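See structure below.
In this note's numbering, the protein residues as written are 14 to 367.
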């Protein structure tokens with residue numbers, strides 16, 4: 014089958030092969046095989062390409078976590094699914110045997126992984142996916158939106174609702190505008206009835222965040238002391254909650270933006286993992302620090318139901334052809350887009366742009 018696959022780890026975004034040299038996936042007894050229509054990029058895909066320490070992948074490796082596609086084969090032990098159904102899936106991988114899995118806390122699994130990270134992914138004509146992870150796409154629903162939603166909306170939902178316990182009427186600061194998790198977090202916080210404040214890296218993104226429903230936004234490219242602006246905008250000396258996936262570049266300032274008794278949820282570290290934490294600020298202001306990654310299958314089904322009902326609306330930035338995957342990664346990492354970057358896995362024409 015045709016597939017995008019990484020031939021070597023490193024910083025070169027042209028280190029991909031595009032061709033027909035990859036075997037078709039074998040359908041396991043608990044799996045289905047889907048013909049992939051669209052795949053969507055996440056920053057995770059770039060980290061896999063670079064060669065995340067300890068990831069232990071065998072090359073060549075097919076990247077990609079988010080997708081939508083049509084079932085073409087069903088495993089021998091799979092019930093309730095059939096060829097011809099259009100699906101997407103929770104990208105998490107769990108063992109189903111450990112204590113966390115038995116408690117339904119799949120993202121705490123002792124052997125937790127992510128599709129396209131720890132196992133072969135979806136940037137190919139066909140992909141094998143665990144049947145227990147699937148959710149059917151309603152007839153007529155936009156396939157690009159379906160492909161764009163899974164990882165980011167699951168991550169944002171679990172961090173805001175399950176870990177952060179965001180309540181109606183609270184104020185939440187979303188650190189970053191335009192990335193998939195940040196766009197999802199802004200929408201979910203509004204759905205929850207919170208007041209949403211957003212930090213952006215440019216005036217254009219700050220304006221877009223407002224247009225997408227944020228109550229307040231700030232271009233911090235010329236505002237290094239932005240914590241003061243956030244505290245003033247809150248009208249209460251700080252926000253109740255911060256969701257931060259930027260990491261080292263913003264973490265100390267994010268703590269400074271909290272009201273006394275507030276909480277911060279960290280969901281990533283795109284700028285680096287070694288953040289400076291002023292411990293005195295934590296204990297003097299009674300602040301709480303929580304970590305969150307991905308989510309459970311129950312979280313996934315809950316948030317995707319809201320997506321399919323149109324109450325949450327994934328934003329698609331650009332769609333690239335399959336042979337433009339390297340260009341798509343460069344566009345994602347440039348930080349200039351707003352929303353998800355998609356790859357059309359039905360388009361294998363000889364081109365490298367979008």
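No residue lacks a Cβ here, since even glycine has one placed at the ideal position from N, Cα and C.
Because the structure is a prediction, the values reported are computed rather than measured.
Other residues of its chain near residue i: CB distance less than 8 angstroms, five sequence neighbours each side excluded
| i | result |
| --- | --- |
| residue 362 | 334, 336 |
| residue 236 | 242 |
| residue 57 | 78, 127, 129, 130, 164 |
| residue 39 | 141 |
| residue 326 | 158, 200, 320 |
| residue 91 | 42, 43, 44, 45, 144 |
| residue 20 | 28, 29, 30, 72, 73 |
| residue 151 | 321 |
Beta-carbon proximity of residue i to residue j, cut-off 8 angstroms
| i | j | result |
| --- | --- | --- |
| residue 53 | residue 358 | no |
| residue 329 | residue 158 | yes |
| residue 269 | residue 240 | yes |
| residue 94 | residue 45 | yes |
| residue 88 | residue 43 | yes |
| residue 257 | residue 184 | no |
| residue 338 | residue 139 | no |
| residue 63 | residue 22 | yes |
| residue 173 | residue 202 | yes |
| residue 304 | residue 275 | no |
| residue 197 | residue 179 | no |
| residue 324 | residue 154 | no |
| residue 120 | residue 309 | yes |
| residue 177 | residue 278 | yes |
| residue 216 | residue 228 | no |
Cβ-Cβ separation, residue j to residue i (assumed contact under 8 angstroms), whole Å
| i | j | result |
| --- | --- | --- |
| residue 135 | residue 96 | In fact, because the Cβ distance is near 18 angstroms, the residues do not count as touching under 8 angstroms. |
| residue 188 | residue 259 | 5 angstroms |
| residue 169 | residue 142 | Not confirmed; about 22 angstroms, so no contact. |
| residue 167 | residue 280 | So it is not a contact: roughly 11 angstroms between Cβ atoms. |
| residue 230 | residue 223 | 5 angstroms |
| residue 351 | residue 103 | Contact flag wrong, Cβ pair sits at about 25 angstroms. |
| residue 75 | residue 35 | 7 angstroms |
| residue 255 | residue 247 | Actually they are not in contact, since the Cβ atoms of residue 255 and residue 247 sit about 11 angstroms apart, beyond 8 angstroms. |
| residue 14 | residue 160 | Not a contact, Cβ separation roughly 18 angstroms. |
| residue 59 | residue 342 | 6 angstroms |
| residue 117 | residue 311 | 6 angstroms |
| residue 219 | residue 245 | About 16 angstroms; that fails the 8 angstroms criterion. |
Proximal residues to residue i (C-beta, below 7 angstroms), its chain only, five neighbours per side dropped
| i | result |
| --- | --- |
| residue 122 | 107, 108, 111, 113, 114 |
| residue 299 | 273, 274 |
Same chain, Cβ closer than 6 angstroms to residue i, five either side skipped, listed in chain order
| i | result |
| --- | --- |
| residue 162 | 320, 327 |
| residue 147 | 100, 102 |
beta-carbon residue i near the ligand FMN non-hydrogen atom, thresh 7 angstroms
| i | result |
| --- | --- |
| residue 206 | Annotation note on the ligand FMN: not contained in the displayed structure, which lists no ligands. |
With a threshold of 8 angstroms, are at least 3 pairs of Cβ atoms found where one atom belongs to the region 199 to 217 and the other to the region 281 to 290?
no
3 or more residues per run - each beta strand (DSSP E) lying fully within the region 286 to 357:
301 to 304, 329 to 334, 353 to 357
What runs of the beta strand (DSSP E), each 3 residues or longer, lie entirely inside the region 73 to 125?
79 to 87, 99 to 102
Counting only runs of 3+ residues fully inside the region 196 to 279, write out the beta strand (DSSP E) ranges in chain order.
208 to 213, 229 to 232, 252 to 257, 271 to 279
Write down every uninterrupted run of the beta strand (DSSP E) in the region 136 to 197 whose length is 3 residues or greater and which is fully enclosed by it, in chain order.
139 to 143, 147 to 149, 184 to 188
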